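2 protein chains.
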Amino acid sequence: MFSKACEYGIRAVIYIWSQSKEGNKLGVKDICKEIDAPEYFTAKILQALARQNIVSSTKGPNGGFYIDKEQENIHLMDLVVAIDGDKLFNGCGLGLKQCSATNPCPIHHEYKEIREGLARLLKTKTLRELAEEVSSGKATLHSVI
Amino acid sequence: MFSKACEYGIRAVIYIWSQSKEGNKLGVKDICKEIDAPEYFTAKILQALARQNIVSSTKGPNGGFYIDKEQENIHLMDLVVAIDGDKLFNGCGLGLKQCSATNPCPIHHEYKEIREGLARLLKTKTLRELAEEVSSGKATLHSVI
DNA sequence: AAAATAAAATACATTTTTATCTTTTATTAG
DNA sequence: CTAATAAAAGATAAAAATGTATTTTATTTT
């Protein structure tokens with residue numbers, strides 16, 4: 004469903020959120036150790052997200068990734084689109100170039116429902132909520148060891 | 004969502020179904036022209052499906068792909084799994100190795116619903132039904148020109 | 001039996017995704 | 001100001017997905 008890049012990105016950002024109280028900044032190495040993701044690859048993803056203003060970052064000692072005020076109301080959808088684009092949400096399930104209610108592929112209507120359900124989920128969930136689930140121990144970002 | 008291979012495969016098989024009355028056999032070239040898919044690539048997919056007994060084929064003059072009795076009750080799910088495997092239906096949305104109700108990722112429950120909705124759709128639809136939609140003109144397998 | 005046909009198998013090429021390593025730039029601590 | 005730190009940027013590589021071309025095999029028609 005989501006690309007690997009997107010999976011790592013979501014996990015990383017939720018982790019940053021869950022730790023980003025009182026101006027706390029997190030290094031890529033720490034993030035990746037915690038979420039069990041490849042370091043350099045995840046770094047690239049986070050850099051791209053910083054360029055798109057989904058997360059913030061600073062260089063140098065005590066630098067790292069963090070969340071600031073402007074990013075408080077970001078939904079999971081914004082993050083997914085920033086990494087994977089929106090093809091998941093507006094293309095035809097069978098890859099037809101033109102597929103619509105008036106010229107539907109054989110699964111158009113049912114697939115549309117699924118897709119919209121997914122979009123609804125991603126648009127509803129804020130990163131704050133997801134981070135809270137992790138902070139409170141109700142959810143995790145890594146496999147138990 | 005589905006791979007390109009799976010999109011082409013679904014379209015090809017539905018088309019074979021829709022044309023496979025009275026022992027009619029279809030060549031790869033004809034199929035690909037109709038569904039607007041790359042010929043050699045789609046041929047490989049169909050060959051793999053033939054090995055897995057999702058469709059039938061014979062070589063030689065008047066040969067081609069067709070559906071026989073044993074394949075009458077195949078659901079869309081069988082086809083998708085034959086091409087893309089089942090990772091879409093049993094993996095974690097965020098890629099965690101272990102993710103379950105007792106050790107959930109932050110979107111476990113909601114994502115599960117989406118995934119199960121998709122699985123339900125694919126398990127409900129038979130290829131016969133989908134082909135019928137195409138035969139009757141209610142749905143198409145290619146963009147209108 | 002020979003020729004023609006079409007899938008099957010094999011080989012090869014390109015593009016995209018995933019992943020790693022190195023160099024550069026910005027920032028801070030001493 | 002200098003050294004240390006950490007992200008940013010760039011280069012490279014491996015793997016997977018996608019796509020194309022060629023050779024082989026099975027089948028049928030003549």
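The listed protein sequences derive, respectively, from chains A and B.
So for the first sequence, our numbering puts the first residue at 4; every next one is plus one.
So for the second sequence, our numbering puts the first residue at 4; every next one is plus one.
Glycine included, C-beta positions come from ideal geometry on N, C-alpha and C.
What you are looking at is a predicted structure, and each value in this text was computed from that prediction instead of being measured.
Nearest chain B C-beta to residue i closer than 8 Å, yes or no?
i: ILE48 of chain A; result: no
i: GLN101 of chain A; result: yes
i: LYS128 of chain A; result: yes
i: PRO107 of chain A; result: yes
i: SER23 of chain A; result: no
i: LYS115 of chain A; result: no
i: LEU29 of chain A; result: no
i: GLY63 of chain A; result: no
i: PHE5 of chain A; result: yes
i: ILE17 of chain A; result: yes
i: GLY120 of chain A; result: yes
i: GLU73 of chain A; result: no
i: ILE13 of chain A; result: yes
i: ILE110 of chain A; result: yes
i: GLU10 of chain A; result: yes
i: GLY88 of chain A; result: no
Rounded C-beta distance between residue i and residue j? I'm assuming under 8 Å.
i: HIS111 of chain B; j: ALA46 of chain A; result: Actually they do not touch by this definition, with Cβ atoms about 27 Å apart.
i: LEU121 of chain B; j: CYS108 of chain A; result: Between CYS108 of chain A and LEU121 of chain B the Cβ distance is about 15 Å, and since that is not below 8 Å, they are no contact.
i: ILE77 of chain A; j: SER23 of chain A; result: With a Cβ gap of about 12 Å, ILE77 of chain A and SER23 of chain A do not count as contacting.
i: LEU130 of chain A; j: LEU79 of chain A; result: 7 Å
i: SER138 of chain B; j: ASP39 of chain B; result: Rounded, the Cβ-Cβ distance is 18 Å, inconsistent with contact.
i: LEU124 of chain A; j: GLU113 of chain B; result: 5 Å
i: ILE48 of chain A; j: GLY12 of chain A; result: 5 Å
Where does residue i sit, in a helix, a strand or coil, going by DSSP?
i: LEU133 of chain B; result: helix
i: THR45 of chain B; result: helix
i: HIS112 of chain A; result: helix
i: SER103 of chain A; result: coil
i: SER6 of chain A; result: coil
i: LEU97 of chain B; result: coil
i: GLY120 of chain B; result: helix
i: SER146 of chain A; result: coil
i: GLY63 of chain B; result: coil
Using a 10 Å radius around the Cβ and a threshold of 16 neighbouring Cβ atoms, would you call residue i buried or exposed?
i: LEU88 of chain B; result: It is Gly, not Leu, that sits at residue 88 of chain B in the sequence shown. Exposed.
i: PHE68 of chain A; result: buried
i: TYR43 of chain B; result: exposed
i: ARG14 of chain B; result: buried
i: GLN74 of chain A; result: buried
i: GLY66 of chain A; result: exposed
i: GLY30 of chain B; result: exposed
i: ALA104 of chain B; result: exposed
i: GLY96 of chain A; result: buried
i: GLU10 of chain A; result: buried
i: GLU116 of chain A; result: exposed
i: GLY164 of chain B; result: Because residue 164 of chain B is not part of the residues shown, which for chain B are 4 to 148, the question remains open.
i: GLY63 of chain A; result: exposed
Let me see if you follow: with CB-CB separation under 8 Å, is residue i close to chain A or not?
i: MET80 of chain B; result: no
i: GLY53 of chain B; result: In the sequence as displayed, the identity of residue 53 of chain B is Ala instead of Gly. No, its Cβ sits nowhere closer than 8 Å to a Cβ of chain A.
i: VAL137 of chain B; result: yes
i: PHE68 of chain B; result: no
i: ILE57 of chain B; result: no
i: LEU142 of chain B; result: In the sequence on display, residue 142 of chain B carries Ala and not Leu. True, the Cβ-Cβ gap to chain A drops below 8 Å.
i: SER60 of chain B; result: no
i: GLY96 of chain B; result: yes
Is residue i near the ligand SAM, with its Cβ less than 7 Å from a heavy atom?
i: HIS78 of chain B; result: The ligand SAM is absent from the structure shown, which contains no ligands of any kind.
With a cut-off of 8 Å, do at least 3 Cβ pairs link the region 80-97 of chain B to the region 4-13 of chain B? Judged by Cβ distances under 8 Å, the region 80-97 of chain B makes contact with the region 4-13 of chain B, as three or more pairs qualify.
Three or more C-beta pairs closer than 8 Å, one from the region 49-60 of chain A and one from the region 19-36 of chain B: is that the case here? no
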